[in-house]
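Residue numbers (the working numbering), protein chains in the order written: chain A, 505 to 678; chain B, 7 to 112. Notes follow the structure.
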Amino acid sequence: MELIFFFIMAVLSVLSALTVVFAKSPVHSVLSLIVTFFLLSGQYVLLNAQFVAIVNLIVYAGAIMVLFLFVLMLLNLKDETEPQKSNLVRLSVTISAGMLLLTLIGSVRGAIAIPPSPAQSATVGLVENLGKILFSDFVVPFEVASILFIAAMVGAVLIGKRNKETDSEPLTTF
Amino acid sequence: MLNSIQVIPIEYYLVLSSVLFSIGVLGVMIRRNAIVVLMCIELMLNAVNLLLVAFSTYLGDGHGQVFVFFIMVVAAAEATIGLSVLVLIYRNTKGVDIHQLDQLKH
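Quick look at the structure:
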């Protein structure tokens with residue numbers, strides 16, 4: 505039963521990831537990326553990582569993707585304005601990405617299988633266990649992450665602020 | 007759901023996240039729209055997240071799942087800064103085509 509769930513979600517997530525890359529309109533890309541994130545959350549639930557699944561939904565599908573959609577609506581891009589790369593570039597890029605996939609899968613095949621440890625794995629993804637780890641072993645990175653967030657927030661406000669002098673004359677060298 | 011890690015071998019998760027990561031790499035290289043390039047970077051980060059959660063569950067160790075939170079933090083900061091830079095680029099060039107951004111070459 506779990507295997508069927510896994511295969512359905514795996515196939516759908518690969519398909520929606522391909523849609524992200526090959527969709528003509530960026531809005532379709534964002535929407536299929538949200539679908540991918542929902543399917544990955546399903547995989548996390550299957551892996552007994554319930555808290556990560558919920559956080560993935562809230563942070564990625566809820567916050568980051570809304571930010572992407574918001575910027576996309578703000579920029580008001582025309583769908584047909586994006587020119588394609590040349591066919592030679594597309595062919596070579598596809599071949600090199602395929603080679604990367606082959607290398608990754610080849611390295612997976614050579615790996616030694618780990619036997620699962622079912623003793624603790626039922627409770628490892630719960631909030632209690634993760635909170636204990638986060639606030640004992642990872643408390644310094646946790647605080648550094650808050651500094652990173654403040655820096656990102658201030659940086660985003662400063663970058664996005666409209667500058668009066670340079671805005672009147674857009675850079676013509678572009 | 008408790009016996010799902012006995013039914014599904016960890017190699018399946020390795021292959022799935024490899025495929026998702028390669029699709030993300032393909033998208034970064036093949037697309038010219040900078041927003042889609044940023045989305046493909048998010049896709050690659052999520053493939054790595056899936057791998058971390060899978061290994062964390064199979065080893066019965068929660069440290070991998072805590073790492074996933076930190077990856078999400080960095081991804082959120084990166085998306086914020088990247089998108090604000092993109093808005094700035096759009097204001098100056100009236101587009102988000104990454105092929106226009108080649109002044110360092112000339």
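All C-beta atoms in this analysis are idealised placements derived from N, C-alpha and C, irrespective of residue type, glycine included. Remember, it's a predicted structure, so these values are computed and weren't measured experimentally.
Return the Cβ separation of Tyr19 (chain B) and Leu56 (chain B) in integer angstroms, given the expectation that the two are a contact with Cβ distance under 8 angstroms. Residue numbering aside, residue 19 (chain B) sits at position 13 when the second sequence is read from its first letter. Residue numbering aside, residue 56 (chain B) sits at position 50 when the second sequence is read from its first letter. Confirmed, Cβ separation roughly 6 angstroms.
Grab the span of the alpha helix (DSSP H) containing Ala461 (chain A) for me, first residue to last. Outside the shown range of chain A (505 to 678) lies residue 461 (chain A), about which nothing can therefore be said.
Measure from the C-beta of Leu516 (chain A) to each C-beta in chain B and report whether the shortest distance is under 9 angstroms. Looking up residue 516 (chain A) in the first sequence gives position 12. No, its Cβ sits nowhere closer than 9 angstroms to a Cβ of chain B.
Could you name the residues that DSSP lists as bridge partners for Asp103 (chain B)? Here the question's residue 103 (chain B) lines up with position 97 in the second sequence. B:Asn39.
Using a cut-off of 9 angstroms between C-beta atoms, extract the partners of Ile41 (chain B) located in chain A. Here residue 41 (chain B) is taken as the residue at index 35 of the second sequence, counted from 1. Pro530, Ser533, Val534, Phe572, Val575, Leu576, Leu579 and Leu581, listed in chain order.
Find the residues of chain A that neighbour Ile14 (chain B), judging by a C-beta separation of less than 7 angstroms, and give them in chain order. Within the second sequence, the letter at position 8 stands for residue 14 (chain B). Within chain A, the residues placing a beta-carbon under 7 angstroms from that of Ile14 (chain B) are Glu506, Leu507 and Phe510, ordered along the chain.
Could you check whether the segment 45-60 of chain B touches the segment 520-534 of chain A, counting it as contact only if at least three pairs of C-beta atoms, one from each stretch, sit closer than 8 angstroms? Taking a cut-off of 8 angstroms for Cβ pairs, the segment 45-60 of chain B and the segment 520-534 of chain A touch, as three or more such pairs fall below it.
Taking a cut of 9 angstroms between CB atoms, which residues from the segment 92-107 of chain B lie near chain A? Leu92, Val93, Leu94, Ile95, Tyr96, Arg97, Asn98, Thr99, Lys100, Gly101, Val102, Asp103, His105, Gln106 and Leu107
If contact is defined by three or more beta carbon pairs under 8 angstroms, each pair taking one atom from either stretch, is the segment 563-582 of chain A in contact with the segment 651-664 of chain A? For the pair of segments examined, the segment 651-664 of chain A was found not to touch the segment 563-582 of chain A: the number of CB pairs separated by less than 8 angstroms stays below three.
Neighbouring residues, chain B, relative to Leu522 (chain A) (Cβ below 8 angstroms): Here the question's residue 522 (chain A) lines up with position 18 in the first sequence. Going along chain B in sequence order, the residues near Leu522 (chain A) (Cβ under 8 angstroms) are Ile29.
DSSP three-state assignment for Pro587 (chain A), whether helix, strand or coil: Numbered from 1 along the first sequence, position 83 holds the residue referred to as residue 587 (chain A). Three-state DSSP puts Pro587 (chain A) in coil, outside helix and strand.
Cα-Cα separation between Val631 (chain A) and Phe555 (chain A), rounded to whole angstroms: The residue you call residue 631 (chain A) lines up with position 127 of the first sequence. The residue you call residue 555 (chain A) lines up with position 51 of the first sequence. Using only the alpha carbons, I get a separation of about 6 angstroms.
Considering only the alpha carbon of each residue, which of B:Val91, B:Ala60 and B:Glu17 lies closest to Leu579 (chain A)? Against the first sequence, residue 579 (chain A) aligns to sequence position 75. Comparing alpha carbon positions, the residue from B:Val91, B:Ala60 and B:Glu17 closest to Leu579 (chain A) is B:Val91.
Using a Cβ-Cβ cut-off of 9 angstroms, state whether Gly664 (chain A) counts as contacting chain B. Residue numbering aside, residue 664 (chain A) sits at position 160 when the first sequence is read from its first letter. Yes - at least one Cβ of chain B is within 9 angstroms of the one on Gly664 (chain A).
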